[in-house]
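Everything in the sequence shown is counted per this note's numbering, starting at 7 for the first residue and increasing by one. All C-beta atoms in this analysis are idealised placements derived from N, C-alpha and C, irrespective of residue type, glycine included. Heads up, the thing below is written out as structure tokens.
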Amino acid sequence: MTDYQHAEAFCLMTYRSDDGTEEERIWNSRDGVTPFVIPLRSGKTAQHADWHADARVVEYAPKPGERVFVDLTMERALALAETNIKTWKAQGMANLPSAKQMAKEYLRPGAPDLIEVPACGQLDCQHAPDGGSHPVATS
Ligand SMILES: [Zn+2]
7 MTDYQHAEAF CLMTYRSDDG TEEERIWNSR DGVTPFVIPL RSGKTAQHAD WHADARVVEY
67 APKPGERVFV DLTMERALAL AETNIKTWKA QGMANLPSAK QMAKEYLRPG APDLIEVPAC
127 GQLDCQHAPD GGSHPVATS
């Protein structure tokens with residue numbers, strides 16, 4: 007019995023590195039799919055582990071610096087595409103699609119994105135849209 011379309015809706019999930027030495031708890035901020043495999047900040051690859059321990063916490067309030075799953079936005083898709091194209095160009099690849107074309111590929115309905123909660127705590131923060139420095143939260 008669930009009011010959600012996806013089993014992992016609003017769940018806190020554990021991702022563990024393949025060598026078992028690192029793990030990260032990541033919250034899914036929406037009723038949407040999440041990847042099985044993600045890159046950890048260390049660069050290691052991690053898989054969704056301990057599925058039985060997934061905990062649905064609809065009102066969870068992630069703290070600045072925690073990572074969460076959100077819906078991919080056009081802005082982020084474009085930024086990812088530009089980064090990838092830059093990398094491929096540096097590797098000598100030719101005949102690459104435009105960033106816009108690639109971004110459209112990435113931007114399937116409900117496509118997940120993994121972002122770090124900014125200092126202000128707003129997942130849809132517009133303070134630093136270009137990924138530049140973010141004003142530090144003051145109290
Ligand atoms: Zn902000």
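Checklist entry - How far does the beta strand (DSSP E) with Q53 in it reach, from first residue to last? => result For the purposes of this step, residue 53 is taken as residue 47 along the sequence shown, with counting starting at 1. Taken as a continuous stretch (DSSP letters only), the beta strand (DSSP E) holding Q53 covers 51–55.
Next on the checklist: Less than 6 Å separating the Cβ of P124 from some heavy atom of ligand 1?
Outcome noted: Sequence index remark: in the sequence shown, residue 124 carries index 118 (1-based). P124 Cβ: within cutoff of ligand 1.
Next on the checklist: Buried or exposed for P124, going by 16 or more other Cβ atoms inside 10 Å?
Outcome noted: Position 118 of the sequence shown, counting from 1, holds the residue named residue 124. Flag for P124 reads buried.
Checklist entry - Under three-state DSSP, which class holds M108? => result On the sequence shown, residue 108 is found 102 positions in, with the first residue counted as 1. M108: helix per DSSP, three-state reduction.
Next on the checklist: By alpha-carbon positions, which one of N90, P115, D77, Q97 ends up nearest to P103?
Outcome noted: Here residue 103 refers to the residue found at position 97 when the sequence shown is read from its first residue. Closest by alpha carbon: N90.
Item to check | Meets three-Cβ-pair contact criterion under 8 Å: the segment 43–63 and the segment 26–34 | outcome: yes
Checklist entry - If you measure from the CB of Q107, is any heavy atom of ligand 1 nearer than 6 Å? => result Your numbering for residue 107 matches position 101 in the sequence shown. It does not: the Cβ of Q107 is nowhere closer than 6 Å to a heavy atom of ligand 1.
Item to check | Cutoff 8 Å; reference V63; Cβ partners in own chain excluding five residues on either side | outcome: One-based indexing of the sequence shown puts residue 63 at position 57. Result list for V63: F16, C17, L18, W33, in chain order.
Checklist entry - Tell me which same chain residues have a C-beta within less than 8 Å of the C-beta of A61, skipping the five on either side of it? => result Taking the sequence shown and counting its residues from 1, the one referred to as residue 61 is at position 55. Same-chain partners within the cutoff: C17, L18.
Checklist entry - Would you say the segment 36–53 touches the segment 84–98, given that touching needs at least three Cβ pairs under 8 Å? => result no
Next on the checklist: Does R36 come out as helix, strand or coil in the three-state DSSP assignment?
Outcome noted: Residue mapping note: residue 36 aligns to position 30 of the sequence shown, counting from 1. Note: R36 maps to coil in three-state DSSP.
Checklist entry - What residues in its chain sit with their C-beta under 8 Å from that of D25, if we drop five residues either side in the sequence? => result Within the sequence shown, residue 25 is the residue found at index 19, counting from 1. Answer for D25: K50, listed in chain order.
Next on the checklist: Less than 7 Å between the beta carbons of A85 and M108, yes or no?
Outcome noted: Counting from 1 along the sequence shown, the entry for residue 85 is found at position 79. Counting from 1 along the sequence shown, the entry for residue 108 is found at position 102. Taking 7 Å as the Cβ cut-off, A85 and M108 do not qualify as a contacting pair.
Item to check | Cβ neighbours of H12 in the same chain (closer than 7 Å, five flanking residues each side left out) | outcome: For the purposes of this step, residue 12 is taken as the residue at position 6 of the sequence shown. Only D37, G38, V39 meet the Cβ criterion.
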